[in-house]
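Keeping their order, the protein sequence lines are chains A and B.
Counted from 1, the first sequence has number 233 at position 234 by numbering that gives the first Met the number 0; the numbering is strictly sequential.
Counted from 1, the second sequence has number 89 at position 90 by numbering that gives the first Met the number 0; the numbering is strictly sequential.
Below is one structure, written out as structure tokens; comments come after it.
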Amino acid sequence: MTDTSKRIRIGAGAGYSGDRIEPAVELAEHGALDYLVFECLAERTVAIAQQARRRDPSLGYDPLLEARMRAVLPVAAKNGVRIISNMGAANPGAAARKTAQIARELGLRDLKIAAVSGDDVLDVVLRSTLRFEETGDDVSAYADRIVSANAYLGAAPIVAALAAGADIVLSGRVADPSLFTAPLIHEFGWRMDDWNTLGQATVVGHLLECAGQVTGGYFADPGYKDVPNLARLGFPIGEVDEQANVVIGKVPHAGGYVTEATCKEQLLYEIHDPARYYQPDVVADFTQVCVAQEAKDRVRVTGGRGQARTGTLKVSVAYIDGYIGEGQISYGGPGAVARARLALDIVRERLSLTGVDTSELRFDLIGVNALYGDGLAATHHDPYEVRVRVAGRSSNADEAARIGNEVETLYTNGPAGGGGVMKATREVLAVQSVLLSRDYMKPVFEMVEASNETA
Amino acid sequence: MKLRELAHGRTGDKGNTLNVSVICFDAKHYAHLRDVLTCERVKAYLADVVKGSVVRYELPLLGAFNFVLANALGGGVTRSLALDAHGKSVSTALLDIDVEEPTGS
Chain A
0 MTDTSKRIRI GAGAGYSGDR IEPAVELAEH GALDYLVFEC LAERTVAIAQ
50 QARRRDPSLG YDPLLEARMR AVLPVAAKNG VRIISNMGAA NPGAAARKTA
100 QIARELGLRD LKIAAVSGDD VLDVVLRSTL RFEETGDDVS AYADRIVSAN
150 AYLGAAPIVA ALAAGADIVL SGRVADPSLF TAPLIHEFGW RMDDWNTLGQ
200 ATVVGHLLEC AGQVTGGYFA DPGYKDVPNL ARLGFPIGEV DEQANVVIGK
250 VPHAGGYVTE ATCKEQLLYE IHDPARYYQP DVVADFTQVC VAQEAKDRVR
300 VTGGRGQART GTLKVSVAYI DGYIGEGQIS YGGPGAVARA RLALDIVRER
350 LSLTGVDTSE LRFDLIGVNA LYGDGLAATH HDPYEVRVRV AGRSSNADEA
400 ARIGNEVETL YTNGPAGGGG VMKATREVLA VQSVLLSRDY MKPVFEMVEA
450 SNETA
Chain B
0 MKLRELAHGR TGDKGNTLNV SVICFDAKHY AHLRDVLTCE RVKAYLADVV
50 KGSVVRYELP LLGAFNFVLA NALGGGVTRS LALDAHGKSV STALLDIDVE
100 EPTGS
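Following this line, the structure appears as structure tokens:
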């Protein structure tokens, strides 16, 4: 007997802002999709976008929005695939208007585009007496340096936009899994207090949100875990039933693979207590999840559960946190590590002699101890080439730049044979979080029609 | 033997906290690793990386563990001076830890 119950197919078109574009086009073309979701907002990305919006009020959305939409919209429209993304970043309205303009230029005048907003709670946070979760510091002590404060919204405003007929939904900060649970809630009509179903739906979103990380990307380890055709890695498809049980798969001819192991690695990615994965709409429980390979590149994932959501939402607060200056130089051949250590000693003494104003300094030998420190390095032989790296923090950009300069002067003043200097200074946008009552959030959407020439 | 012969894993980050999954290639080794791959051992092995506590969560249905390493990212991903600010390379180092061979395999 053929199972004819309803299935919804969701593809993941991006796992981060700069991700490859052609796997998304491939999914829209060959994935038999109902929805294509692009997750493009890392912790700090909204803050960077907010700075861009202050320079130009028509910007502040994902810098790759236009390239992605031009590549994907024609085939998505042809195949009736609806698109959901947080590419609206700090300006979902502008992202929707830009997308409407692109759709018109492509002759797709019937598309309806929704902009979801309400995640920006900067005003509330600045007036609050909240403390940061990480450090316990008063938020008010950072007030003059705070750039942005965005709440992780749940699925509700996206569900509402889909119910209103949106073909494309563009949001700012929304919890990553909620970008995927929203179309499922819309399609299956789940109650928002059906905690077990929402918990399993969170499993679906969590597996898909990093795109290629569940289809063999970020997984290969030659000789132990060999993955075919990574240059042509396919992005995942989740085929979901009305209980939120999912089969993770991919387009057959795409590179990579889907196995129990790839699904397990992604399931536990960025999780702390697997029994309590806090989301805006549910506290998900992954402890009873089972994975089962049912065919080549098809893994069935079931058993996610959930408990009632909490009364607060997580808010990421970004603030300017001084500058980092950095310099690097390479040494090679016999005695490379000894010369590199000498170079570090020279720079350490120079920074002190010349009175460079830093609050924190770090001296690394890339190839020896930069990733894990000296303890593990001591058990291994010296490499044939090594890269000196000095990094430091300062409240002042000019002071930070002096760190790289002191590395550069190793060219003519340091040990023999140093080469390939790189130096850089960057402003630091740090992020901490607060928990804010739901009462302050008023998520809404506005609809933009591609046919509207003023949009 | 090296843990790498029995398990694979991936690192994730949140603020100043790392998580490292350790997933058995063959679920029959789960009980053995539960005995030998203790929090104390992981913390000692990654002493230069982890400045805070190590907590282990057990996922027997997946044949997996999730280690949560506090204060392990130089003050947090967004402000760390480290080359690998996300700590993404930590999982591969942990797989190099020596563990006792399981019996009867």
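We put the beta carbon where it would ideally sit given N, CA and C, even for glycine.
Computed from a predicted model, the values in this text were never measured in an experiment.
Separation of Leu125 of chain A and Ala69 of chain B (C-alpha to C-alpha, rounded to the nearest whole angstrom) is 28 Å. The straight-line gap separating the alpha-carbon atoms of Gly12 of chain A and Glu348 of chain A is approximately 50 Å. The segment 262 to 280 of chain A makes no contact with the segment 317 to 336 of chain A, as fewer than three CB pairs between them are under 8 Å. Here the C-alpha atom of Asp240 of chain A lies approximately 7 Å from the C-alpha atom of Ile7 of chain A.
A straight-line Cα-Cα distance of about 13 Å links Pro73 of chain A and Glu65 of chain A. Against chain A, the beta carbon of Tyr56 of chain B has neighbours under 7 Å at Asp272 and Pro273, listed in chain order.
Close partners of Arg392 of chain A in chain B (Cβ separation under 9 Å): Arg78 and Leu80. Interface residue (Cβ-Cβ distance to chain B less than 8 Å): Glu426 of chain A is not classified as such.
In chain order, Leu2 and Arg3 place their CB closer than 6 Å to the CB of Leu94 of chain B, counting only its own chain and leaving out the 5 sequence neighbours on each side.
Taking Pro235 of chain A as the centre and dropping the five residues before and after it, the same chain places the C-beta of Gly10, Ala11, Leu206, Leu207, Ala210, Gly211, Val213, Thr214, Ile247, Gly248, Lys249 and Val257 closer than 8 Å to its C-beta, in chain order. Burial of Glu42 of chain A is indicated by the presence of at least 16 other C-beta atoms within 10 angstroms of its C-beta. According to the DSSP secondary-structure assignment, Gln292 of chain A is paired through a beta bridge with A:Val298. Nearest to Asp47 of chain B by C-alpha distance, out of B:Pro59, B:Gly73, B:Gly62 and B:Glu57, is B:Gly73.
Annotation: Pro251 of chain A is outside any beta strand (DSSP E) and is labelled neither H nor E by DSSP. A Cβ of chain B is located within less than 8 Å of the beta carbon of Ala429 of chain A.
Taking 8 Å as the CB threshold, Asp320 of chain A lines the interface with chain B.
Closest in C-alpha terms to Val385 of chain A, from the list A:Arg338, A:Ser393, A:Ala219 and A:Ser436, comes A:Arg338. Exclusion of the five residues before and after Ala376 of chain A leaves Val367 and Asn368 as the residues of its chain whose Cβ lies within less than 6 Å of its Cβ. For Phe66 of chain B, the uninterrupted beta strand (DSSP E) segment begins and ends at Ala63 to Leu68.
Per the DSSP secondary-structure output, Thr311 of chain A pairs in a beta bridge with A:Ser436.
Excluding residues up to 5 positions away in sequence, Ser329 lie with their Cβ nearer than 6 Å to the Cβ of Gly419 of chain A in the same chain. Boundaries for Asn18 of chain B: no alpha helix (DSSP H) harbours it, while the beta strand (DSSP E) harbouring it runs Thr16 to Cys23, taken from the DSSP string.
Around the Cβ of Ser116 of chain A, a 10 Å sphere holds 16 or more other Cβ atoms; the residue is buried. Here Ser4 of chain A is exposed. Its C-beta has fewer than 16 other C-beta atoms within 10 Å. Using a Cβ-Cβ cut-off of 7 Å, Leu161 of chain A is close to nothing in chain B; its nearest Cβ partner there is about 29 Å away. Your pair Val168 of chain A and Ala113 of chain A checks out as a contact, with CB atoms roughly 5 Å apart and the cut at 8 Å. A straight-line Cα-Cα distance of about 17 Å links Val19 of chain B and Val98 of chain B. Neighbours of Lys313 of chain A across chain B, judged by C-beta separation under 7 Å, do not exist; the nearest C-beta is about 10 Å away.
Residue state for Asp34 of chain B is assigned as helix, using DSSP reduced to three classes. The alpha-carbon separation between Ala46 of chain A and Pro101 of chain B amounts to approximately 49 Å. Gly321 of chain A sits in a strand when the DSSP states are folded into three classes. Between Gly211 of chain A and chain B, the shortest Cβ-Cβ separation is not below 8 Å. Taking each of B:Gly75, B:Lys27, B:Ala6 and B:Leu5 in turn and checking the Cα distance to Val49 of chain B, the smallest one comes out for B:Gly75.
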